[in-house]
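If you count the sequence shown from 1, you need to add 2 to reach this note's numbering. Beta carbons: idealized from backbone N, C-alpha and C, even for Gly. Quick notes on the structure that follows.
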Amino acid sequence: MNEIQIDYMKHALKNGNRFYEESNDIHWNELVSKGLATKHAEWKEDMAYFRVTAAGKEKLSAERRL
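Below, the structure written as structure tokens:
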């Protein structure tokens, strides 16, 4: 995980585990591909909600950055 991804994940967790972003966001989609986040379609085609998975929370904790 890079610093941007860590910041995004922390932000999501502080906001009910939701982060609203463009669906093609490279940082979030990388987290999704690694199983550290999930992607949920929004009514706008080019937007999505991203959520941190349990594995993502564990990874943040392991890095002591949560």
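Own chain partners of residue i with C-beta closer than 7 angstroms, once the 5 adjacent residues on each side are dropped
i	result
A50	E23, S25, K41, H42, A43, E44
G58	M11, L33, L38, A39
L15	V54
Cα-Cα separation, residue i to residue j
i	j	result
I6	G37	17 angstroms
V34	N17	18 angstroms
F21	R53	7 angstroms
H13	E60	16 angstroms
D48	N19	20 angstroms
A56	D27	21 angstroms
K46	S63	33 angstroms
Identified DSSP bridge partners for residue i
i	result
H42	Y51
Under the three-state DSSP convention, the category residue i falls into
i	result
E23	strand
E65	coil
M3	coil
N31	helix
Chain-order list of residues whose beta-carbon lies under 8 angstroms from that of residue i (same chain, five-residue window excluded)
i	result
E65	M3, I8
H89	One cannot answer for residue 89 here, as it falls past the ends of the chain, which runs 3 to 68.
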